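In terms of full-length UniProt numbering, the sequence shown opens at residue 1 and continues consecutively.
Heads up, the thing below is written out as structure tokens.
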Amino acid sequence: MTGWVPTTCMRCAVGCGHLQRGADLGNGVDSVRGDASHPTNRGLACQRGVSETADPAATFLSRPLVRRDGELVPTTWDVALGKVTEAMRVAHERDPDAVGVLGSGQQTNEAAYALGKAARGALGTRHYDANTTLCMASAVNAYYDAFGSDAPPCSYEDVPKAESHVVWGANPAVAHPVLFRWVTDSARDGELVVVDPVETESAEAADVHVQPEPGADLTLARAVLAHVVETGRVDEAFVEAHTEGFDDACADLPDAEAACEAAGVERADVEALASALDARTLLYWGMGVNQSTRGTATAGALIDLCLATGNLGEGTGPFSLTGQANSMGTRVCSSKGGWPGMCDYDDLDARARVAEAWGVDVARLPDDTGPGPVGMFEAVGDDIEVLWTVATNPAAGMPDAADAAERLDDVFLVAQDAFHTETVEHADVVLPAATWGESEGTTTNMERTVSRVRAVTDLPAGVRTDLDIIAAVANGVRPGTFERHPEPAAVFDEMTALTAGTPADCSGLSYDRLDDAGAVRWPAPDAETSVAYRYRDGDGWAFETQSGDARFSTGAPDDDLPEPTSESYPLTLTTGRESDGYNTGVRSRGGETAVPTVRANPADAADGDRVTVETRRGSVAAVVAADPAVPSGVLWLSIHHPATNRLTLPAVDPRSAEPNYKQCAARLVPRTDGADVPETSATRSTGEASD
Ligand SMILES: Nc1nc2c(c(=O)[nH]1)N[C@H]1C(S)=C(S)[C@@H](COP(=O)(O)OP(=O)(O)OC[C@H]3O[C@@H](n4cnc5c(=O)[nH]c(N)nc54)[C@H](O)[C@@H]3O)O[C@H]1N2
Ligand SMILES: Nc1nc2c(c(=O)[nH]1)N[C@H]1C(S)=C(S)[C@@H](COP(=O)(O)OP(=O)(O)OC[C@H]3O[C@@H](n4cnc5c(=O)[nH]c(N)nc54)[C@H](O)[C@@H]3O)O[C@H]1N2
Ligand code: SF4
Ligand SMILES: [Mo]
């Protein structure tokens, strides 16, 4: 058995340091525990992070596959990569945008950067995006609007210093367990307020639970601002000295009383939120806010609440809860929405710098960032002829997934994954990638801390690391894009050098520094600096906006859900996470896919009822779990079941392109056919296991 190797959990974006030990015989991770010496978590870890790392309930891919006569059959790397680069070269010659690339927040920084270089530089396609847009894009836009740069200004250091904690549209008890422990520890001497239509595990732990109507968050946030103004709670000195746009933001504030009614809450709820904001407050939010056609506006309205009440600085601030382990790193370095270092996509200096570093003509870089994943899927099989997915499972994860999956059959699909997935089943070529414990690199957690990811086991025969595969594909399309087998450390140095002088300056980071310190937060512009609270300028503030002030949002309230309930579809379907599942469930679900459970209020359905959940896009057989935690009129499905997204709506936020996963109109229809297996749900075929 190998010794304990320090590395970082790749499950959620809390970013806990782990100690992992490789298996005695063959490959695989034998045991995992929290790393007491890691600066982020000091030994804490959650049980699911540990068990999914050590023992994923999924079928490993163990060699490349190609489709022959309709079947996926094993082949060699040379054949697989040859087919991929040939298909890409032909499509690229016709039109660079004919190749689509979909990345992920579950890759190392090195692989994410390399994928961006391959997509934007070697291929030069605008059709490049990542599952992070399904997740954080609304928060990203709101941060840019407010601060001129992405990412939360605060960090975990602020959690124990906060007096009140407001958790809005997030369920960290389930999704970010270690962070939630710090929050509840801190709230023991203060207050925890949770805003969620559902009585979640987080809401159960709260002092106050505010239960708005699904999708009423913007109305509610504006009602709170109106109440803050009405009750004289504005921090006028802060607003005057460090912000702009307050008067405009207040110009069309709703009448607080009427807004409360519209949001389905009591005036006392709004008072509770305003009173929490009187203290030193951290305002966290999650997918209940971001995954909405009004996600950017709502996230902006939450930041407004912090600005208006002076909740910026130690122990306070707006704190979006990033989901995937390296969603943040993807935002910094993957050239998806901006150039490395979070530089604006149309910043001419940044474009020139990137083109020079990559050795490509600046004209090769696409002019815009593309239409977002949902827009890309509309082009799949049409403008997009070849699609390359890396560490993402769109056949199950996209909204209106049955349609998305169908489109996958209309392109030449290259699926790069560690496991057999719903997407793999549609692939023309499957590239088996190394996963947790098998490859080297770095990851960046939600509070900007960069930490090493290390291999604790040998690379299994037949698989290659993501970085190695990406380099091979890119070199096949445009020779010389990468070294033949690039070293992660060299790619890290190339990437961090490109961020020098940018708002997300990581140029002071190196593997040596990370090895010494355990983990380091960006901005890190030199070998010593690491910034905890961003935008500080002595005792004052220097935001990345043109004026240097923070900006209030201008999001005009729009109360219509993209798909309101109707006579035929009288219920609102929402979707969320469970402790023992992860996203589309590939790593946590196991081979069998049981009939999903739909949670419904006892007023709407009885426990054990066999039903079909129907929306305008599809129907899924399910069994009811009657649950008073779900309000009447709402249905709740887990996102970990591959059938769930057959029902969801592909409407997106016009600013962020993030889908409205959290509300669509649905109905329950009793099932009398006796069938136990949902005819529409995808089932996983069993592939080969490698270990
Ligand atoms: N166990 C586990 N942990 C995870 C993951 C996982 O799959 N499983 N995934 C990771 C990823 S990628 C992400 S993005 C994060 C997500 O973490 P969260 O954002 O916490 O996850 P969700 O459960 O999708 O949604 C949060 C809450 O939004 C609420 N909600 C639904 N509609 C509304 C609404 O209209 N208004 C409000 N205010 N709330 C609403 C839901 O009831 C739910 O409790 O978790 C990360 N951690
Ligand atoms: N209805 C509904 N749908 C949602 C959401 C919701 O709240 N509701 N949430 C959305 C959100 S926030 C997210 S982040 C997306 C996620 O959506 P997806 O990206 O589609 O789903 P995941 O299950 O996270 O897929 C990650 C894939 O990466 C693979 N993988 C893991 N590690 C590695 C690795 O090291 N290398 C490679 N190559 N592959 C690897 C896994 O096997 C898995 O197949 O889902 C979105 N979909
Ligand atoms: S809280 Fe997140 S990062 Fe920490 S061990 Fe659990 S899944 Fe991993
Ligand atoms: Mo996510």
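Idealized CB from N, CA, C, for every residue including glycine.
Note that this is a predicted model, so its numbers are computed, not measured.
Given A626, which residues of its chain have a CB within under 7 Å of its CB, disregarding the five upstream and five downstream residues? A600, P602, A605, A606 and D607
Using the DSSP secondary-structure output, state which residues sit across from F319 in a beta bridge. Y284
With distances taken Cα to Cα, identify the nearest neighbour of G49 among M10, N27, A256 and E86. M10
Only counting the same chain, and skipping five residues up and downstream in sequence, which positions put a Cβ closer than 7 Å to that of H227? A256, V270, E271 and A274
Integer-rounded CB distance, given that P486 should sit under 8 Å from L467: 6 Å
Distance, N660 Cα to L44 Cα: 34 Å
Quick check on G70: does DSSP put it in helix, strand or coil? coil
H38 beta carbon near ligand 3 (any heavy atom closer than 7 Å): Outside the cutoff, so no.
At a threshold of 7 Å, does Q106 count as lining ligand 4 (C-beta to nearest heavy atom)? no
Using 8 Å as the Cβ pair cut-off and three pairs as the minimum, do the segment 648–666 and the segment 278–295 touch? yes
Rank E163, G3 and G337 by C-alpha distance to the C-alpha of N276 and give the top, closest one. According to the sequence provided, residue 276 is Ala. The question's Asn does not apply to it. The candidate whose alpha carbon is nearest that of A276 is E163.
If you reduce the DSSP assignment to three classes, tell me which class F482 lands in. coil
Looking at C-beta atoms only, is the number of pairs between the segment 418–426 and the segment 455–462 that lie closer than 8 Å three or more? Look at the beta carbons and you see the segment 418–426 not touching the segment 455–462: under three pairs across the two are nearer than 8 Å.
Taking 7 Å as the cut-off, is the C-beta of T200 nearer than that to any heavy atom in ligand 1? yes
Excluding the 5 residues preceding and the 5 following V159 in the sequence, name in chain order all residues of the same chain whose CB lies nearer than 7 Å to its CB. Within the same chain, V159 has close Cβ partners W182, V183, S186 and L282.
Residues near ligand 4, criterion Cβ-heavy atom distance below 6 Å: C135, G323 and Q324
Could you compute how far the alpha carbon of V520 sits from the alpha carbon of L509? Computed Cα separation, rounded: 8 Å.
Around the Cβ of T615, are there at least 16 other Cβ atoms within 10 angstroms (buried) or fewer (exposed)? T615 should be labelled buried.
In the structure shown, what three-state DSSP assignment does E406 receive? In the structure shown, E406 sits in a helix (DSSP, three-state: H, G or I).
Cα separation between E688 and A139? With a pLDDT of 27 at E688, under the threshold of 50, the modelled position of that residue is not reliable, and the figure given next carries that caveat. Using only the alpha carbons, I get a separation of about 40 Å.
Please state if the CB of N109 and the CB of M495 are separated by a distance shorter than 8 Å. yes
Measuring only the C-alpha atoms, how far is Q20 from R610? 43 Å
May I ask you to check if the CB of G49 is nearer than 7 Å to at least one heavy atom of ligand 3? yes
Quick one: Cα of D145 to Cα of T296, how far? Looking at the two C-alpha atoms, the distance is approximately 9 Å.
Looking only at C-alpha atoms, which of Y113, A170 and E157 sits nearest to E578? Of the listed residues, the one whose Cα sits closest to E578 is A170.
Report the rounded CA-to-CA distance for A206 versus T322, giving the unit in angstroms. 21 Å
Cβ atoms of A308 and T584: under 8 Å apart, would you say? Cβ atoms of T584 and A308: not closer than 8 Å.
Ligand 2 and Y661: does the residue's C-beta get closer than 7 Å to at least one heavy atom of that ligand? Yes, Cβ of Y661 sits closer than 7 Å to a heavy atom of ligand 2.
Using the Cα positions of A54 and G28, report the straight-line distance between them to the nearest angstrom. Computed Cα separation, rounded: 8 Å.
Regarding M328 and ligand 2, is the C-beta to nearest heavy atom distance less than 7 Å? no
In this structure, how does DSSP classify D417 when only helix, strand and coil are distinguished? strand
Given this structure, state the Cα-to-Cα distance separating V354 from W388, to the nearest angstrom. 23 Å
Can you grab the Cα-Cα spacing for the pair D512 / W541, in whole Å? 32 Å
Taking Cβ positions only, does A532 come closer than 8 Å to chain C? The structure shown has no chain C; it contains just one protein chain.
Look up P6 in the DSSP assignment and give the residues it is bridged to. L19
Pick from V178, N326, H176 and V386 that is closest to S96, judged by C-alpha positions: Here the sequence assigns Pro to residue 96, which means Ser is not the residue at that position. It is V386.
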